[in-house]
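One structure is given below, encoded as structure tokens.
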Amino acid sequence: MDENNTSQPTGTIIENKPLIHKFREVGMFTPKIITVLVLVVSLGVLSGYLLSTRNLNFSSNNSASSSSQNVTAKGTVVGSNDTITFKDTAEGVLKEGGIDGEGAFHLERAGGESQNVYLTSSIVDLSKFVDKKIKVWGQTQAAQHAGWLMDVGKVEVL
123 MDENNTSQPT GTIIENKPLI HKFREVGMFT PKIITVLVLV VSLGVLSGYL
173 LSTRNLNFSS NNSASSSSQN VTAKGTVVGS NDTITFKDTA EGVLKEGGID
223 GEGAFHLERA GGESQNVYLT SSIVDLSKFV DKKIKVWGQT QAAQHAGWLM
273 DVGKVEVL
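Residue 123 is where the sequence shown starts when you use my numbering, and the numbers rise one by one after that.
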């Protein structure tokens, strides 16, 4: 018996493949993925541009129509109808200026300066109502210097 052929059948060739091999190295950014990304970004920019120009035209038309209306006429109501959020009310003559950086406007009420209500607004443009007697609905905010600081949500001209 031949010692070389004891463990294997005759005529069989065994390849010595390594147990650990390297994977194919494929880049993360293949030309197909780059093309898709460029297409998606281009469509996003184009749609954003189209929506922004459409929105600008809409808002400019809207501001022209609102400026033609007299928003300071007696009985005019402007703002939100959300009486749950804006449940606090105050009446007085609107003046510009806050106190020590709190509020952009204030309501002058009977009883002197200690009765002023300092106002900000995230909804209503209060500058249209300066020197008018108004009623405001708002939400009281924490203040450092103002006796009463309110975020106004609704205004009625009295």
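Note that beta-carbon positions come from the ideal geometry of N, C-alpha and C, so glycine has one too.
Computed from a predicted model, the values in this text were never measured in an experiment.
Problem set entry | Selected residue, minimal CA-CA separation from Glu213, among Pro140, Leu173, Met150, Leu241 | Within the sequence shown, the letter at position 91 stands for residue 213. That would be Leu241, whose Cα lies nearest to the Cα of Glu213.
Exercise. Considering only residues of the same chain and omitting the five flanking positions on each side of Val215, which have a CB-CB separation below 6 Å?
Worked result: In the sequence shown, residue 215 corresponds to position 93, counting from 1. Correct list, in chain order: Glu230, Lys255.
For this session: Let me know the beta strand (DSSP E) ranges lying completely inside the stretch 175-263, each 3 residues or longer, listed in chain order.
Result: 199-201, 210-218, 227-230, 239-243, 255-263
Exercise. Would you report the Cα separation of Asp253 and Asp247, rounded to the nearest angstrom?
Worked result: One-based indexing of the sequence shown puts residue 253 at position 131. One-based indexing of the sequence shown puts residue 247 at position 125. Their backbone Cα atoms lie some 14 Å apart in a straight line.
Exercise. What residues in its chain sit with their C-beta under 8 Å from that of Trp270, if we drop five residues either side in the sequence?
Worked result: Looking up residue 270 in the sequence shown gives position 148. Here the set comprises Ala212, Asn238, Val239, Tyr240, Thr262.
Problem set entry | From Asp222, Met150, Ser174, residue whose alpha carbon lies closest to that of Gln266 | Taking the sequence shown and counting its residues from 1, one reaches residue 266 at position 144. Of Asp222, Met150, Ser174, the residue nearest in Cα terms is Asp222.
For this session: Could you tell me the boundaries of the beta strand (DSSP E) in which Met272 lies?
Result: Here the question's residue 272 lines up with position 150 in the sequence shown. Per DSSP, Met272 belongs to the beta strand (DSSP E) from 271-279.
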